[in-house]
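Residue numbers (my numbering): 13 to 262.
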């Protein structure tokens with residue numbers, strides 16, 4: 013990999029400039045992190061699998077009318093994407109109680125456990141701020157501190173719920189339960205006529221989805237790393253295979 017300028021490097025991806033000002037290269041790393049990078053390892057092949065799975069999912073969402081930043085897959089680790097001003101809010105959609113929701117809310121007044129089905133999908137917002145461990149925030153925080161306007165936030169919420177419906181069907185078709193997932197959105201540097209001012213960005217992969225096998229309950233996402241279960245690459249490879257994707261691993 014030899015790109016002219018690295019613009020940003022996060023926990024699982026790096027972003028590079030291109031010769032076209034409004035286009036970037038998104039590079040998928042093999043780094044696995046949890047608990048705000050307090051836990052870290054390099055897992056060979058993870059980046060290739062996430063690249064392939066995210067490309068597949070984003071492409072399918074695009075066919076269903078979801079506007080996103082993906083232009084095309086360049087190779088087994090890189091995507092060409094549209095440059096966006098990322099809104100510093102992580103949008104989490106939950107269908108089943110799991111993870112931090114259970115730890116934060118389970119008790120006498122809200123009797124939920126890991127695996128409790130929610131009556132309707134729930135949308136949560138988290139501030140993208142590693143130094144604060146990405147705290148949960150409200151819609152009023154987002155609009156009151158000018159992270160997004162009320163109209164933009166309404167669009168984000170409705171788009172997130174539309175994506176949830178599409179993803180639930182997509183994963184159900186391959187025998188997988190979509191428990192929850194995280195999205196990021198951005199304002200494209202070069203808007204296209206007829207598209208919304210805010211589009212889907214980042215990735216959708218087992219790194220930011222919680223996925224359970226419908227038949228066995230087996231975990232097929234990054235919780236395998238969080239919980240020291242092992243077999244992360246095998247789980248991601250299984251998702252790729254179910255989608256009909258061939259990913260060459262070392």
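Glycine included, each C-beta is placed from N, C-alpha and C at the ideal position.
Within the same chain, Cβ atoms closer than 8 Å to the Cβ of residue 35 are found at 83, 92, 93, 94 and 95, the five residues on either side in sequence being excluded. Excluding sequence positions up to five before and after residue 68, its CB lies within less than 7 Å of the CB of 255 and 257, all in the same chain and listed in chain order. Around the beta-carbon of residue 25, 16 or more other beta-carbon atoms lie within 10 Å, marking it buried.
Counting only residues of its own chain and dropping the five nearest sequence neighbours on each side, residue 45 has a CB closer than 6 Å to the CB of 23 and 52. Under DSSP, residue 136 forms a beta bridge with 104. The alpha-carbon of residue 40 is positioned some 26 Å away from that of residue 110.
With 16 or more neighbouring CB atoms inside 10 Å of its own CB, residue 171 falls in the buried class. Burial check for residue 66: the Cβ neighbour count within 10 Å reaches 16 or more, so the residue is buried. One alpha carbon belongs to residue 242, the other to residue 162, and they sit about 42 Å apart. Taking a contact as a CB-CB distance under 8 Å, the pair residue 121 and residue 212 does not count as one, their CB atoms being some 35 Å apart.
In the DSSP annotation of this structure, the continuous segment of the beta strand (DSSP E) that includes residue 36 starts and ends at 35-40. Apart from sequence neighbours up to five positions away, the residues of its chain that approach residue 129 with a beta-carbon distance below 7 Å are 108, ordered along the chain. Looking at the backbone, the Cα of residue 246 and that of residue 252 are separated by about 10 Å. Beta-bridge partners of residue 80 (DSSP): 212.
In the structure shown, residue 228 adopts coil according to DSSP, grouped into three states. With respect to the 8 Å criterion, residue 159 and residue 101 are classified as neighbours on the basis of their beta carbons.
The three-state reading of DSSP puts residue 121 in coil, since its state is none of H, G, I, E or B. Straight across, the Cα-Cα distance linking residue 126 with residue 186 is about 23 Å. Within the DSSP bridge table, the entry for residue 168 names no partner.
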